[in-house]
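Order-wise, the sequence lines are chains E and V. For any residue, its number in our numbering is found by taking its place in the first sequence, counting from 1, and adding 13. For any residue, its number in our numbering is found by taking its place in the second sequence, counting from 1, and adding 871. Glycine included, every Cβ here is placed at the ideal spot set by N, Cα and C. Remember, predicted model here, so these are calculated numbers, not experimental data. First the structure, in the form of structure tokens, and then the observations on it.
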Amino acid sequence: NAGVTQTPKFRVLKTGQSMTLLCAQDMNHEYMYWYRQDPGMGLRLIHYSVGEGTTAKGEVPDGYNVSRLKKQNFLLGLESAAPSQTSVYFCASSYGGFETQYFGPGTRLLVL
Amino acid sequence: KNQVEQSPQSLIILEGKNCTLQCNYTVSPFSNLRWYKQDTGRGPVSLTIMTFSENTKSNGRYTATLDADTKQSSLHITASQLSDSASYICVVSSNLKTSYDKVIFGPGTSLSVIP
């Protein structure tokens with residue numbers, strides 16, 4: 014039981030490049046979330062999903078897209094990376110919308 | 872505006888000592904409050920969860936309190952250990968009558984336990 018895993022762990026991009034972050038969970042959770050964490054600030058919700066095939070915008074969705082084609086996977090895409098997207102990205106999942114969220118180890122992204 | 876504030880921003884204590892971290896929130900309507908522990912380079916892990924009717928919850932050496940009237944919570948760590956060095960995040964959920972709780976994360980308190 015691996016819990017929540019994220020790939021890659023670290024990535025450096027140039028401005029304008031695109032990339033996809035992958036999140037996988039093996040707990041059969043319905044809900045999945047993408048957050049970003051910046052120094053001195055709390056985690057902020059980017060997008061979330063309440064089940065396979067569904068996605069919804071969170072607090073800071075601009076510049077990101079997501080897809081949930083399979084229940085266990087939640088992908089976060091950056092179409093044209095900007096330096097402001099330099100951050101640590103965390104994926105989380107939960108059984109229900111009111112349940113404890115389980116977090117992945119994070120992906121450190123640096124956009125030059 | 873829904874906000875969660877934590878104090879102090881950082882704290883250094885000697886191994887074996889106790890400490891208390893504070894959380895103030897303005898989230899409404901209130902659903903529950905969680906404390907998470909985040910080790911450096913790792914994702915947050917839930918320590919405790921309290922609903923409106925609960926005013927204290929323990930998890931080993933961690934004891935959380937909640938005063939829903941004053942909208943304050945504290946996390947008390949007893950007999951600190953080096954492994955307690957981490958960021959402690961207060962998270963308040965708001966029940967907006969949707970399919971999930973709106974979750975507001977505090978900025979965290981960075982705790983360093985030194986020998």
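Original post:
Which first and last residues belong to the beta strand (DSSP E) in which Met921 (chain V) is found?
Top reply: 916–922
**OP:** Select from the segment 972–986 of chain V all residues with a C-beta closer than 9 Å to any C-beta belonging to chain E, and list them in chain order.
**Re:** Asp972, Lys973, Val974, Ile975, Phe976, Gly977, Pro978, Gly979
Subject >> Neighbourhood of Asp910 (chain V) by C-beta distance below 6 Å, restricted to the same chain and skipping five residues each side >> reply: Ala957
Original post:
Can you list the residues of chain E that Ile920 (chain V) reaches, using a CB-CB cut of under 8 Å?
Top reply: By Cβ distance, chain E contributes Thr113.
Original post:
Candidates E:Leu88, E:Val124, E:Val17: which alpha carbon is nearest Thr67 (chain E)'s?
Top reply: E:Leu88
Original post:
What are the boundary residues of the beta strand (DSSP E) that Glu876 (chain V) is part of?
Top reply: 875–878
Subject >> Gly29 (chain E) versus Lys908 (chain V): straight-line alpha-carbon distance, rounded >> reply: 35 Å
Original post:
For the putative contact between Leu892 (chain V) and Gln874 (chain V), defined by C-beta atoms under 8 Å, what is the C-beta separation to the nearest angstrom?
Top reply: Not confirmed; about 17 Å, so no contact.
Original post:
Is the number of C-beta pairs between the segment 110–122 of chain E and the segment 932–942 of chain V that are closer than 8 Å three or more?
Top reply: Verdict: no, contact absent.
Original post:
What is the rounded straight-line gap between the Cα of Leu91 (chain E) and the Cα of Asn926 (chain V)?
Top reply: 42 Å
**OP:** Identify which residue in E:Ser62, E:Thr120, E:Met45 has its Cα closest to the Cα of Gln98 (chain E).
**Re:** When the alpha-carbon of Gln98 (chain E) is set against those of E:Ser62, E:Thr120, E:Met45, the nearest one is in E:Thr120.
Original post:
Mind checking whether Ser924 (chain V) and Asn966 (chain V) have CB atoms under 8 Å apart?
Top reply: no
Subject >> Short-range partners of chain V found in the segment 21–42 of chain E, where Cβ spacing is below 7 Å >> reply: none
Original post:
Which term fits Pro915 (chain V), buried or exposed, when burial requires 16 or more other beta carbons within 10 angstroms of its beta carbon?
Top reply: buried
Original post:
Of all Cβ atoms in chain V, is any one closer than 8 Å to the Cβ of Pro96 (chain E)?
Top reply: no
Original post:
Got a sec? Which residues, its chain only, sit under 7 Å from Asp955 (chain V) by beta carbon, not counting five neighbours each side?
Top reply: Closer than 7 Å at Cβ, skipping near neighbours: Ile948, Leu982, Val984.
Original post:
Since Ser917 (chain V) meets chain E, which of its residues come closer than 7 Å, beta carbon to beta carbon?
Top reply: Thr113
Original post:
Shortest alpha-carbon distance to Tyr77 (chain E) belongs to which of E:Arg49, E:Met54, E:Gln19, E:Leu56?
Top reply: E:Arg49
Original post:
For Val25 (chain E), is the classification buried or exposed, using 16 other Cβ atoms within 10 angstroms of its Cβ as the cut-off for buried?
Top reply: exposed
**OP:** From the DSSP output, read off the bridge partner residues of Gly71 (chain E).
**Re:** Note: Gly71 (chain E) sits in no beta bridge, so no partner.
**OP:** Take Gln952 (chain V) and list the residues in its own chain whose beta-carbon comes closer than 7 Å to its own, dropping the five residues that flank it on each side.
**Re:** Glu886, Val984
Original post:
Roughly how far, in whole angstroms, is the beta-carbon of Tyr44 (chain E) from the beta-carbon of Leu58 (chain E), given that I think they are within contact range, below 8 Å?
Top reply: Not a contact, Cβ separation roughly 12 Å.
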